[in-house]
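In the working numbering, the protein residues as written are 19 to 762. First up is the structure itself, then whatever we jot down about it.
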């Protein structure tokens with residue numbers, strides 16, 4: 019019987035080629051979208067799950083609560099790791115970690131400047147499962163000048179030679195490391211990414227890290243919990259310990275399970291997690307893919323019920339010869355499932371064709387080979403089966419309900435107004451969903467356009483920033499000697515995340531209030547370089563050396579917090595700070611207020627900021643405003659001059675500020691691009707269905723059309739008549755979709 023059903027299904031597909039193509043292609047497009055989403059979700063949810071101890075590994079997050087903000091960060095007090103292990107039996111191991119370092123590697127006269135260096139504890143490779151090809155994970159980082167490299171870096175530097183015990187140099191040969199281990203290349207689904215690892219004890223020399231200073235936050239911290247220990251319960255214990263240690267009731271700690279780092283790290287100071295994706299984004303795209311599949315199912319339902327008349331006699335004969343309704347339902351559902359599995363084959367071809375584009379948009383390296391994984395394969399087959407059952411359910415119920423006596427006598431087989439009304443409703447739902455995607459995609463695009471074109475309060479164009487540890491006075495004279503270098507500032511540029519400080523006091527402040535201000539170290543050329551305007555008072559001056567020790571400039575938001583009246587002349591006391599260098603407590607006078615400007619993305623409000631000109635120390639960031647004329651020659655000059663003044667082994671890398679600020683909207687660009695792709699596919703699917711339905715209704719009204727033409731109706735008039743009904747449906751769909759999309 020099944021064989022007979024399959025034969026009949028195939029004959030119907032061949033007999034109605036046009037409608038079959040619409041059904042199969044529509045279902046294939048929806049399934050292809052689901053395949054892409056399944057691959058993406060599987061990839062994103064697999065991040066950091068390959069570690070053997072993964073369920074017991076957590077990242078320590080610090081949280082600070084103030085009156086105007088709550089900020090979380092993934093770098094914590096430097097001594098915290100050893101203190102937690104000693105104080106809490108729930109924590110059996112820890113590793114501090116610093117990533118993203120690019121010191122430049124030298125070997126045998128060759129430079130390898132692009133490889134990423136990380137620093138970690140000797141316990142790092144016993145906590146995390148990065149398989150060793152050579153070396154011992156327990157001892158590989160015990161010696162201060164040991165280094166563990168990936169197999170990719172080993173092949174790049176040593177070719178087919180044995181890398182063990184070979185020496186690599188940093189900083190132009192001043193620091194030498196011996197290779198003590200080779201590990202497999204870091205998997206794509208790891209948020210920790212590096213090409214080599216050195217012991218973090220070296221950070222004392224390279225970055226002046228004080229491992230006993232509780233106010234210093236320079237390293238991330240990962241801990242391993244004892245078997246049976248709960249991350250939530252341990253978090254509350256270590257928070258009390260941390261708050262008491264710092265005597266700060268507004269400070270706390272949280273243990274973030276390793277498996278949550280990639281998808282649930284939507285906070286400000288997140289580090290070494292550049293590939294993270296919001297779980298909300300996954301939900302948005304998954305719903306979009308399912309919506310396209312539902313559109314295809316609606317196409318199938320509409321066309322199948324519209325074609326009911328062509329199968330009426332078949333149903334009547336089967337019922338006369340003893341077929342029960344349940345058997346007919348099984349037959350029609352089986353045909354729908356067969357078409358669904360035919361669509362699966364085409365869907366895999368479409369997914370294969372679109373995968374390079376999708377990988378480019380999502381910045382991933384997905385392959386169809388992953389579908390061989392059991393749960394993905396089962397999920398794909400389940401979706402195909404459910405699609406067939408969903409698409410075929412209503413047509414099966416309609417067709418199996420035909421009355422044989424009425425059909426065989428030549429009576430009508432359709433359900434009359436009821437079925438017609440349902441078809442219209444399904445078309446309205448179909449186009450409402452499509453227009454919802456169209457309007458939603460348009461709104462996302464307009465929001466992105468607004469964010470990328472809004473006046474930020476600064477002029478980021480033709481400003482480049484780079485990192486250069488050199489004497490400021492010598493560097494400035496050398497760079498400004500070029501007429502294409504218009505101005506230079508030695509300061510922290512916009513676009514780099516800063517920690518807030520709440521240890522500020524001023525006259526009239528409630529001592530119980532903790533308000534976060536965001537400090538930036540600048541020099542007198544800061545405003546000119548970034549195109550920032552003053553609102554009141556003055557900025558720092560090279561002619562007034564007292565500005566270095568006694569003055570502070572604030573933004574308009576900060577001025578509003580200091581109370582009524584002019585802030586000029588008010589005194590602010592700033593408690594001691596530890597950035598990369600220590601700044602003692604200072605009493606400063608407000609000399610100016612600059613206009614508010616956006617230092618970070620537009621997702622964040624403008625925060626109270628204060629600007630100081632320090633006597634010594636300062637961030638080794640150089641920002642230059644350059645002429646738009648002959649930029650390539652200017653860059654060559656900057657590279658040549660910087661290498662002369664910088665320490666040996668210096669690597670000149672730069673970023674243009676406008677591109678750096680635009681990078682804040684990378685995730686929005688990805689969402690917009692993928693939504694555009696899905697919206698186009700949804701429109702194609704919906705239009706195909708409408709075309710098929712229009713074609714069927716036109717065939718049904720052939721006699722009417724012939725009579726109208728005989729009576730003198732033109733082609734355009736007949737076309738208008740046939741189109742009018744569909745235009746009404748689409749108009750109703752638009753009225754439903756636009757408000758929903760706007761307020762969603």
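Ideal Cβ placement from N, Cα and C applies to all residues, glycine included. In this text, all values refer to a predicted model and were calculated from it rather than measured experimentally.
8 Å Cβ cutoff met for residue i and residue j
i, j, result
"residue 151", "residue 202", "yes"
"residue 512", "residue 548", "yes"
"residue 76", "residue 222", "no"
"residue 95", "residue 235", "yes"
"residue 515", "residue 677", "no"
"residue 584", "residue 609", "no"
"residue 215", "residue 307", "no"
"residue 253", "residue 281", "no"
"residue 213", "residue 167", "yes"
"residue 703", "residue 310", "yes"
"residue 321", "residue 695", "no"
"residue 323", "residue 245", "no"
"residue 591", "residue 522", "yes"
"residue 299", "residue 497", "no"
"residue 626", "residue 535", "yes"
"residue 97", "residue 230", "yes"
"residue 2", "residue 82", "Coverage of the chain is limited to positions 19 through 762, which leaves residue 2 absent and any answer about it impossible."
"residue 195", "residue 163", "yes"
Beta-carbon proximity list for residue i, same chain, < 8 Å, skipping 5 on both sides
i, result
"residue 612", "545, 550, 551, 552, 553, 557, 571, 572, 573, 574 and 629"
"residue 683", "466, 469, 470 and 619"
"residue 1", "Given a span of 19 to 762 for the chain in the structure shown, any question on residue 1 remains unanswerable."
"residue 209", "65, 66, 279, 280, 290, 291, 293 and 294"
Residues of its chain near residue i, where Cβ-Cβ distance is below 7 Å and the 5 sequence neighbours each way are ignored
i, result
"residue 758", "454"
"residue 726", "736"
"residue 559", "542 and 565"
"residue 57", "384 and 388"
"residue 368", "46, 47 and 50"
"residue 206", "383"
"residue 105", "259"
"residue 156", "144"
"residue 579", "533 and 626"
Residues bridged to residue i (per DSSP)
i, result
"residue 763", "Residue 763 falls outside the range modelled here, since the chain spans only 19 to 762, and no answer is possible."
"residue 214", "135 and 167"
"residue 508", "640"
"residue 89", "82"
"residue 551", "The partner list for residue 551 (beta bridge, DSSP) is empty, contrary to what the question assumes."
"residue 629", "538 and 571"
"residue 445", "Per DSSP, none; premise fails for residue 445."
"residue 153", "199"
"residue 482", "642 and 674"
"residue 128", "125"
Contacts around residue i, its chain only, beta-carbon distance under 6 Å, and the 5 residues preceding and following it disregarded
i, result
"residue 188", "121"
"residue 505", "543, 546, 547 and 643"
Of the residues the options, the one placed nearest residue i, counting alpha carbons only
i, options, result
"residue 647", "501, 606 and 357", "501"
"residue 476", "533, 400 and 614", "614"
"residue 199", "207, 177 and 160", "160"
"residue 119", "379, 218 and 579", "218"
"residue 380", "698, 37, 717 and 692", "692"
"residue 149", "70, 192, 98 and 114", "70"
"residue 460", "760, 147 and 261", "760"
"residue 752", "365, 319, 456 and 73", "456"
"residue 123", "715, 700 and 165", "165"
"residue 84", "661, 734 and 528", "528"
"residue 441", "90, 707 and 141", "707"
"residue 192", "175, 561 and 224", "224"
"residue 649", "134, 705 and 481", "481"
"residue 60", "717, 301 and 510", "301"
"residue 519", "510, 537 and 525", "537"
"residue 479", "312, 172 and 645", "645"
"residue 701", "747, 722, 314 and 486", "314"
Three-pair Cβ contact test at 8 Å for the stretch 671-691 versus the stretch 532-542:
no
Within the chosen definition, does the stretch 404-412 reach the stretch 355-363 through at least 3 CB pairs nearer than 8 Å?
yes
Three-pair Cβ contact test at 8 Å for the stretch 387-395 versus the stretch 440-453:
no
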